[in-house]
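Sequential numbering of the sequence shown, starting at 1231, is according to the numbering used here. Positions of the beta carbon are idealized from the N, C-alpha and C atoms, including for glycine. Presented below is the structure to which this report refers.
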Amino acid sequence: MRSIKARFKKEEKKYPFHGAYIHLIKAVRNQKFSRKRISKSFNELMPKEEYNKNEKKELVDFLDNASNILEES
1231 MRSIKARFKK EEKKYPFHGA YIHLIKAVRN QKFSRKRISK SFNELMPKEE YNKNEKKELV
1291 DFLDNASNIL EES
């Protein structure tokens, strides 16, 4: 089973100066994760002080789109 958390930690190690949201985008990009799974990972991995509660839906929407868009070859 693919793990968003494992991918997130790998990105975090590789690029320690990037923000948590950037790591999360890279972790889910083109991986076809469900919105529910992305939302759960968002709650688990994103520090509460890095986003405004009112913006959460938009941030999760963007992650969902990034997860389900195929790159052009």
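Check your understanding: How long is the line joining the alpha carbons of GLU1242 and ILE1268, rounded to whole angstroms?
Key -> Here residue 1242 is taken as the residue at index 12 of the sequence shown, counted from 1. Here residue 1268 is taken as the residue at index 38 of the sequence shown, counted from 1. Each residue's Cα considered, the two are about 17 Å apart.
Point to revise | Identity of the residue in ILE1299, GLU1279, PHE1272, ASN1298 nearest LYS1287 by Cα | key: As a working mapping, residue 1287 is identified with position 57 in the sequence shown. For the residues ILE1299, GLU1279, PHE1272, ASN1298, the minimum Cα distance to LYS1287 belongs to PHE1272.
Review point. Quick one, are the C-beta atoms of LEU1275 and LYS1235 less than 8 Å apart?
Key: Looking up residue 1275 in the sequence shown gives position 45. Looking up residue 1235 in the sequence shown gives position 5. Yes, Cβ-Cβ distance for LEU1275 and LYS1235 is below 8 Å.
Exercise for review: Identify which residue in ILE1252, PHE1247, LYS1244, ARG1237 has its Cα closest to the Cα of TYR1281.
Suggested key: Position 51 of the sequence shown, counting from 1, holds the residue named residue 1281. Measuring from the Cα of TYR1281, the nearest candidate turns out to be ILE1252.
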